[in-house]
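Read in the numbering used here, the sequence shown has 13 at position 4, and its numbers run on one by one without any break.
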Amino acid sequence: MIKVLAGGGLRQPVIVDDKGENQDIIVEQLAIRMAKGSVSNELAGKKLLKLETSVLFSTGKSSLEVSNRVQSLIDDAIASKGRIILFVDELTNFIDLGPAGKKLTAALSQNQILLIGGSSKAAYAEKIENKPEIAAFFEVISVGQKASAESPAAKPAVPNRIEYRGDNVSPDLREMMAQDPSGRTRVDVILQARDADDASLRAIMSQGNARITDRIGESETLVANLPLSALNELSQSGLINYVSPDRPTASLGHVENTTGTSVMRSQPAGYGRATGYTLDGSRVGIAVLDSGIFSGQRSFTDGSMNSRVVYSQSFVPGVTSTEDDYGHGTHVASIAAGSAARNSGGYTGVAPKANLINLKVLDATGKGKTSALLNALDWVLAYRTAYNIRVVNLSLGTPAIDTWTNDPICRKVQILNYYGVLVVAAAGNNGRNSSNEKVYGQVHSPGNDPSALTVGATNSFGTDSRSDDSMVSYSSHGPTRSYWTDSRGEKHYDNVIKPDIVAPGNKIAAAKAKSTSYLISHNPSLTNSTLDIPYDNNDMMYLSGTSMSTPMVAGAAALLFQMNPNLTPTMVKMLLEYTAQPLNGVNMLEQGAGQLNVEGAVRLARNYKLGTDFDTFYQGTGLLQYGLAFPTPSSTVGGTTFTWSQGILTNAAFLKGQALADKFQYVYHDYWWFEDGIYYDYYDNQSLYGSRYTTGVTLNLNVMTSNGGAMGGGSVFLASGVLVGDGVLVGDGVLVGDGVLVGDGVLVGDGVLVGDGVLVGDSIFALSTLTNGDESTCMK
Numbered sequence: 010m011i012k013v014l015a016g017g018g019l020r021q022p023v024i025v026d027d028k029g030e031n032q033d034i035i036v037e038q039l040a041i042r043m044a045k046g047s048v049s050n051e052l053a054g055k056k057l058l059k060l061e062t063s064v065l066f067s068t069g070k071s072s073l074e075v076s077n078r079v080q081s082l083i084d085d086a087i088a089s090k091g092r093i094i095l096f097v098d099e100l101t102n103f104i105d106l107g108p109a110g111k112k113l114t115a116a117l118s119q120n121q122i123l124l125i126g127g128s129s130k131a132a133y134a135e136k137i138e139n140k141p142e143i144a145a146f147f148e149v150i151s152v153g154q155k156a157s158a159e160s161p162a163a164k165p166a167v168p169n170r171i172e173y174r175g176d177n178v179s180p181d182l183r184e185m186m187a188q189d190p191s192g193r194t195r196v197d198v199i200l201q202a203r204d205a206d207d208a209s210l211r212a213i214m215s216q217g218n219a220r221i222t223d224r225i226g227e228s229e230t231l232v233a234n235l236p237l238s239a240l241n242e243l244s245q246s247g248l249i250n251y252v253s254p255d256r257p258t259a260s261l262g263h264v265e266n267t268t269g270t271s272v273m274r275s276q277p278a279g280y281g282r283a284t285g286y287t288l289d290g291s292r293v294g295i296a297v298l299d300s301g302i303f304s305g306q307r308s309f310t311d312g313s314m315n316s317r318v319v320y321s322q323s324f325v326p327g328v329t330s331t332e333d334d335y336g337h338g339t340h341v342a343s344i345a346a347g348s349a350a351r352n353s354g355g356y357t358g359v360a361p362k363a364n365l366i367n368l369k370v371l372d373a374t375g376k377g378k379t380s381a382l383l384n385a386l387d388w389v390l391a392y393r394t395a396y397n398i399r400v401v402n403l404s405l406g407t408p409a410i411d412t413w414t415n416d417p418i419c420r421k422v423q424i425l426n427y428y429g430v431l432v433v434a435a436a437g438n439n440g441r442n443s444s445n446e447k448v449y450g451q452v453h454s455p456g457n458d459p460s461a462l463t464v465g466a467t468n469s470f471g472t473d474s475r476s477d478d479s480m481v482s483y484s485s486h487g488p489t490r491s492y493w494t495d496s497r498g499e500k501h502y503d504n505v506i507k508p509d510i511v512a513p514g515n516k517i518a519a520a521k522a523k524s525t526s527y528l529i530s531h532n533p534s535l536t537n538s539t540l541d542i543p544y545d546n547n548d549m550m551y552l553s554g555t556s557m558s559t560p561m562v563a564g565a566a567a568l569l570f571q572m573n574p575n576l577t578p579t580m581v582k583m584l585l586e587y588t589a590q591p592l593n594g595v596n597m598l599e600q601g602a603g604q605l606n607v608e609g610a611v612r613l614a615r616n617y618k619l620g621t622d623f624d625t626f627y628q629g630t631g632l633l634q635y636g637l638a639f640p641t642p643s644s645t646v647g648g649t650t651f652t653w654s655q656g657i658l659t660n661a662a663f664l665k666g667q668a669l670a671d672k673f674q675y676v677y678h679d680y681w682w683f684e685d686g687i688y689y690d691y692y693d694n695q696s697l698y699g700s701r702y703t704t705g706v707t708l709n710l711n712v713m714t715s716n717g718g719a720m721g722g723g724s725v726f727l728a729s730g731v732l733v734g735d736g737v738l739v740g741d742g743v744l745v746g747d748g749v750l751v752g753d754g755v756l757v758g759d760g761v762l763v764g765d766g767v768l769v770g771d772s773i774f775a776l777s778t779l780t781n782g783d784e785s786t787c788m789k
């Protein structure tokens, strides 16, 4: 259709199907592409107007009046000199419409009008196809009964395993509805339909004055603008799974040595390989969804000075540039995969030869929308094989309000897990409030999703040694407070233990974007004469936050996928948690399993079988290569020797046992996660599914404060059963009921709704964290 319109010829496209029911859907996609600027120059700047046939004929008092109206519309289209494309959904009715039909055919014969027609096969055959003099003006585009999408890979379609829960309208939308009884306020929403092409759904949306502005790939998820008054009918229609606001997203913001990466760079022959190799992320794709990447930064070149940023695209509405105008994405990307030559390679990222896929979802002020993030994640799903994308880095987030089974971002993260892609997400920077008090329960979405690898931040104090490492004050703590509401109005909080792991994130030196980028131009102290040399394009800057710790973990995941491409995302998550270093005096809601330990994860993973698809393994199958022993579960990094955690986290408990790491557990399959092996009885008592975890795995129900030894050592922070209730920790660990969590001052009620209905992610307080961090020594 686009080719016909852009060709400039006499013939105009007509969409023909069995019942005339698909043209709206197809033309809608064209309208979305035109609005985004994703069309050829021939169609750029044009307007697409629909002639509403049903309205025209139902309101016209006579056929003459209808004819006159149509003639007026045709005159307007002619006068626009090609700037208007007229969409006529029942074209055959107008061909026979007396003077109006003659005017239309005359305009077509003189190439004065651009038109898209729609018709059923029977009507087209009767009224146009049998009249060669009229048929000559049209190019038929035949479609099937219903447009269908191919699976994004040869793998079977994603099974419908995760059910939506509770009310199908998000809590913050319900609050907006209560505050505006008139329902006139219009909002941008993410609508997860059961069938996005359903005619009844489209009719309800049309009658409710809803405008569809986008569709997430070929999924059933729509982006729409509608009045609040439309939500009740949509909710009660039985045609939607869930609707939530198109919430804003925001950035959350010595690497080799302190993570134990440098000692594992050079891998010897053996462990199933005939020759040695360098562990640097080669050939693995890391998708960085952020504010863009500075194309001139030399940190992203290979040995031949070719860019390792292999693809770039902007998903920010109205922005085509993929450059980093904010200054966040460049810094993040270089921590994961930078190869800076400055300071004798002292600012080298974790996976310095990995390929980077630059998907811009944040604007020049570090803000974005959920819809842009969903579109970018959908792009990863479609092109993951072409660019070998195994890891997605999300150093950004939005408030976690919707339970992870309903949240549209979480559901997209789960689908990527099914197709072998691990999403690494920042926990957020809301670990303290504006009064500098410690708060719990502020982990952001999609960090609240069980399949995501969620990362908090530690302070390495600028040293390679791990003996002085501690948690930063601002890293968001669990449990997650996203929830669903049942038919009685009762809230059920997720209360998932998060983050999963922590990594250095305070005052990290990494690549700087161009000097005009927002962060550096507004905060020149983020760099200095040592880090910034004029005209060098290899400059560095300091930033702090979970945004910085997240790409360290993403880079570590890329190394594991390079070492063994057959690892599943859940296996990589297990490896990183099992080998993490529990920090003394820190509880699981702060640090998860502990601090990233690349040395241990690599040393364990290199003993695993090669050349075999783990996703086909039966439960209990051995993971180690024949003749190789299980490694000693401790590491020495930066002169400090420590014990591995030797455990993993479920939603409300933790598991221990060597069997987790030397036997395949059923939950390691794609599209499964650790929690899926936990059984809850009527009273919420937990036990292990014997069919999903082997013997040798033990379930532990307390949330612990670590003594620096293996997971489970130390003192009880929260006793068994607390997290499966509806309690939450605030302040210094006082348990309250359904209290309101006030993390950054923008919370109203139980949500994050502010007066004008705009949802806010991290506030200026979090921006202060990004630029200032905790007071301590910087990386040199």
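Note that the Cβ used here is the ideal one computed from N, Cα and C, for glycine as well.
Rounded to the nearest angstrom, the gap between the Cα atoms of residue 498 and residue 424 is 30 Å. DSSP, read as helix, strand or coil, puts residue 572 in helix. Between residue 55 and residue 20, the C-beta spacing is not below 8 Å. Per the coordinates, the alpha-carbon of residue 703 lies some 45 Å from the alpha-carbon of residue 207.
Secondary structure note for residue 697: its beta strand (DSSP E) is the uninterrupted segment 695-697. Annotated as distal: residue 365 and residue 405, with beta-carbon spacing of 8 Å or more.
Secondary structure note for residue 180: its alpha helix (DSSP H) is the uninterrupted segment 180-188.
The Cβ-Cβ distance between residue 237 and residue 200 does not fall below 8 Å.
A straight line joining the alpha-carbon of residue 495 with that of residue 501 spans about 8 Å.
In this structure, the straight-line span from the alpha carbon of residue 169 to that of residue 202 is close to 14 Å. Annotation for residue 609: the continuous alpha helix (DSSP H) segment containing it runs 607-614.
In the structure shown, residue 522 falls within a coil segment according to DSSP collapsed to helix, strand and coil. Counted as a single uninterrupted DSSP element, the stretch harbouring residue 360 is not any alpha helix (DSSP H), since DSSP gives it neither H nor E. Within the DSSP bridge table, the entry for residue 275 names 287 as partners. DSSP places residue 343 within a helical segment (H, G or I) once states are collapsed to three.
About 7 Å separates the CB atoms of residue 452 and residue 463; that is less than 8 Å, so the two are in contact. Within the region 392-461, the runs of beta strand (DSSP E) that reach at least 3 residues and sit entirely inside it are, in chain order, 398-403 and 431-435. Proximity of the region 172-186 to the region 244-261 meets the contact definition, three or more beta-carbon pairs being nearer than 8 Å.
Listed in chain order, the beta strand (DSSP E) runs fully inside the region 287-327 are 294-299 and 318-323, counting runs of at least 3 residues. Between residue 95 and residue 123, the gap from beta carbon to beta carbon is short of 8 Å.
DSSP places residue 549 in no alpha helix (DSSP H) but in the uninterrupted beta strand (DSSP E) bounded by 549-552.
Taking residue 705 as the centre and dropping the five residues before and after it, the same chain places the C-beta of 666 and 668 closer than 6 Å to its C-beta, in chain order. Straight-line measurement puts the Cα of residue 387 at about 18 Å from the Cα of residue 319.
The straight-line gap separating the alpha-carbon atoms of residue 382 and residue 725 is approximately 39 Å.
Across the set 434, 723 and 616, the C-alpha of 434 shows the shortest separation from the C-alpha of residue 554. Of all C-beta pairs linking the region 210-219 to the region 269-283, fewer than three are shorter than 8 Å, placing the two stretches out of contact.
Under DSSP, residue 369 takes part in a beta bridge, and its partners are 299 and 323. Contact annotation: residue 368 and residue 297 have beta-carbon atoms nearer than 8 Å. Assigned with DSSP and collapsed to three states, residue 114 falls in helix. In this chain, the beta strand (DSSP E) harbouring residue 688 covers 687-689. Under the three-state reduction of DSSP, residue 493 is assigned to strand. Judged by DSSP secondary structure, residue 254 falls within the beta strand (DSSP E) whose first and last residues are 249-254. Taking 8 Å as the upper bound for CB-CB distance, residue 326 and residue 45 are in contact here, some 7 Å apart.
With respect to residue 581, residue 431 sits close: the two C-beta atoms are nearer than 8 Å. Around residue 637, the same chain offers 616 as residues with beta carbons nearer than 6 Å, after the five sequence neighbours per side are excluded. Linking residue 450 to residue 466 through their CA atoms gives a straight-line distance of about 16 Å.
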